[in-house]
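Each position in the sequence shown, counted from 1, maps to that position plus 3 in my numbering. C-beta: ideal position from N, C-alpha, C; glycine also. What follows is a set of notes on a single structure, which appears directly below.
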Amino acid sequence: MRLNHGDTLMKFDRQLPIYNWLYPLKGQETETIRFRDAHTNFDATPIRSRGLYFHIPFCETICTFCMLNRGLGAEGDEAIEKYTQALIKEIRIKATWPEITAVPPRVIWFGGGTPSILTPDQIRRIGRAIRESFDLSRLEEWTIEMEVKSVTAEKAAAFKEIGVTKARLGLQTFDPRYRKLFNITATLDGTYEAVKILGEHFKYRSFDILYGMHGQTMRDFAEDVQKAIELGTESCEFYPINHLVTQNSLHTGYQGARLPALPYVDKMAMSIFANKYLRQAGFRLYNGHGYARLENPEQESDFVSRRYSNKYHEYCWANWDDDLIGFGASSVSQSLDWTVMNDESRTGYTKNLLDNDDIKVKVTRADHVPYERGLVLQLPYHGKLAKSRIDWDRIPGEVTERFGELLAEGMFVDKGDEYAITELGWTWYVNMMYYMSPRADQKVLDEFVERRSANQGITDGDRTMIPLQIAA
Ligand code: SF4
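Here it is in structure tokens:
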């Protein structure tokens, strides 16, 4: 990837086709470390704040754009009940380890899969286990991901009762053509009803919209943006669809409908358009792809607002001393130089916990504590980073050098006590995360992109951003 210097919107010669990943990527896999040892290796002393993630890997239907760890399930299934028991067991076990309880969580996130597939009783039992196991006195946000078909007033009440503050719906698109290609079976009437129910229970509601699908026109996208605004929710997140990690069946559908892949320049144009459109409607960006509806938006002087945040994402695109502890099958705990992934098999996870109080884990230890993570991930994604949180002496020279280049190109700006992203920088925030990563981590990403691109069933657009060589 080449950085283009000078006065051009096209600051890079190509676009990275993926936009989120764990960091650090480079490290050694350690197969000998078991569940308990993996977590008790965490050193909580330098950790400033912590997030907890709970994975519910069951969905009523499977969407074709989704490659998350989940499988089919239906409310009331025995497998979901057993999984609930296993999850509660993991919570109770980890709560006996001081390394896990030493830092009270600031955020909790229930993701999946579909957490709203749980019954009200299961929701209350998991909630009770969490409340009895962790000090929630510093909790600022508790978010639950929901799928329209399983939203009911009774479940919303149960989530509210255990402490959930934010509800998030996967909406994706209003366009019937793409809803069909995505295998989204909820009706739009059901969606509007779910949004209403959630509004009666939670102060904050958010939803996701995808864009950049094959054959999508700017007009199609404008309709989605306008309908998203009209839903009246407090925030919405717009993601360019990540075709490299979608299912082949989606691409078979595209081919059947004769929909050509969009070049990445078109996707970039869509994100710039969405920003202008949403700003005009009173929204402001609060991270790389999230928009919040603000009161008096004209009083917001920062390009990326600090008046609203998806606080859980502060633990995904995190600084080095903020960590995340995962619970449930395939969930990831990432603390300093350690990354621990729980058993990816739902049945293996459940059985091993219920029978043996144990979990099979995959453990990776990075070459060093990622002191540079704030610069590499947090600044491009969240749009700001306090200088007091940057330990320059411990950041690899190659990272500071490339940060300096981006600063000189006007993609970040020095605001005295912090660095902030500019509008130009935001246009390229994904590329900047890649560009500032150490070469060893870039290599891991390159290999991943190459591997996925070799999948003959996947079609993706041209990643070249401009067909000209820009003079240095
Ligand atoms: S997008 Fe959500 S509902 Fe659809 S398959 Fe993935 S996790 Fe399940």
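DSSP three-state assignment for residue i, whether helix, strand or coil
i, result
"residue 417", "strand"
"residue 259", "helix"
"residue 78", "coil"
"residue 20", "coil"
"residue 477", "For the chain, the structure presents residues 4 to 475; residue 477 sits outside this window and is missing."
"residue 27", "coil"
"residue 343", "strand"
"residue 477", "Outside the shown range of the chain (4 to 475) lies residue 477, about which nothing can therefore be said."
"residue 446", "helix"
"residue 429", "helix"
"residue 328", "strand"
"residue 284", "coil"
"residue 395", "helix"
"residue 99", "coil"
"residue 295", "strand"
"residue 36", "coil"
"residue 240", "strand"
"residue 361", "coil"
"residue 229", "helix"
"residue 366", "strand"
"residue 422", "strand"
"residue 217", "coil"
Between the CA atoms of residue j and residue i - distance to the nearest angstrom
i, j, result
"residue 161", "residue 92", "21 angstroms"
"residue 4", "residue 19", "8 angstroms"
"residue 282", "residue 97", "44 angstroms"
"residue 354", "residue 84", "12 angstroms"
"residue 276", "residue 209", "20 angstroms"
"residue 390", "residue 318", "19 angstroms"
"residue 204", "residue 330", "26 angstroms"
"residue 369", "residue 37", "17 angstroms"
"residue 118", "residue 273", "31 angstroms"
"residue 95", "residue 349", "19 angstroms"
"residue 386", "residue 302", "18 angstroms"
"residue 346", "residue 72", "11 angstroms"
"residue 137", "residue 326", "16 angstroms"
"residue 351", "residue 332", "9 angstroms"
"residue 344", "residue 299", "43 angstroms"
"residue 226", "residue 114", "28 angstroms"
"residue 34", "residue 217", "41 angstroms"
"residue 250", "residue 292", "23 angstroms"
"residue 377", "residue 388", "7 angstroms"
"residue 2", "residue 15", "As displayed, the chain neither begins before 4 nor continues past 475, which places residue 2 out of reach and without an answer."
beta-carbon residue i near the ligand SF4 non-hydrogen atom, thresh 8 angstroms
i, result
"residue 65", "yes"
"residue 256", "no"
"residue 310", "no"
"residue 71", "yes"
"residue 428", "no"
"residue 62", "yes"
"residue 194", "no"
"residue 347", "no"
"residue 68", "yes"
"residue 421", "no"
"residue 329", "no"
"residue 400", "no"
"residue 215", "no"
"residue 43", "no"
"residue 150", "yes"
"residue 115", "yes"
"residue 407", "no"
"residue 173", "yes"
Expected contact under 8 angstroms - CB spacing of residue i and residue j to nearest Å
i, j, result
"residue 468", "residue 379", "With 8 angstroms as the limit, residue 468 and residue 379 do not qualify as a contact, their Cβ atoms being about 21 angstroms apart."
"residue 461", "residue 254", "6 angstroms"
"residue 320", "residue 381", "6 angstroms"
"residue 383", "residue 435", "4 angstroms"
"residue 280", "residue 288", "The pair is not a contact, with the Cβ atoms about 12 angstroms apart (cut-off 8 angstroms)."
9 angstroms Cβ cutoff, residue i in contact with chain B
i, result
"residue 434", "Going by chain labels, chain B is absent from the structure shown, which holds only one protein chain."
Three-pair Cβ contact test at 8 angstroms for the segment 307-320 versus the segment 247-264: The segment 307-320 is not in contact with the segment 247-264.
Three-pair Cβ contact test at 8 angstroms for the segment 447-461 versus the segment 411-425: Contact between the segment 447-461 and the segment 411-425 is absent, because fewer than three Cβ pairs lie under 8 angstroms.
Stretch-stretch touch, CB-based, cutoff 8 angstroms, three pairs: the segment 357-364 with the segment 391-411: Touching, no.
Inter-stretch contact at 8 angstroms, needing at least 3 Cβ pairs: the segment 409-417 / the segment 62-82: The segment 409-417 vs the segment 62-82: no contact.
The segment 29-47 touching the segment 333-348, judged by at least three CB pairs closer than 8 angstroms: The answer is yes - the segment 333-348 touches the segment 29-47, with three or more Cβ pairs under 8 angstroms.
Contact the segment 240-253 vs the segment 212-225: 3+ CB pairs below 8 angstroms: Cβ pair count under 8 angstroms is three or more, so yes.
Three CB pairs or more closer than 8 angstroms across the segment 111-123 and the segment 157-172: Result yes; three or more Cβ-Cβ pairs closer than 8 angstroms.
The segment 144-154 in contact with the segment 177-196 per 3-pair CB rule at 8 angstroms: Short answer: they touch.
Cβ contact check for the segment 98-113 and the segment 47-54: 3 or more pairs under 8 angstroms: With a cut-off of 8 angstroms on Cβ pairs, the segment 98-113 is in contact with the segment 47-54, counting three or more such pairs.
Cβ pair count under 8 angstroms reaching 3, the segment 13-28 against the segment 70-81: Contact between the segment 13-28 and the segment 70-81 is absent, because fewer than three Cβ pairs lie under 8 angstroms.
At least three beta-carbon pairs within less than 8 angstroms, the segment 228-237 to the segment 4-16: Contact fails: fewer than three Cβ-Cβ distances are below 8 angstroms.
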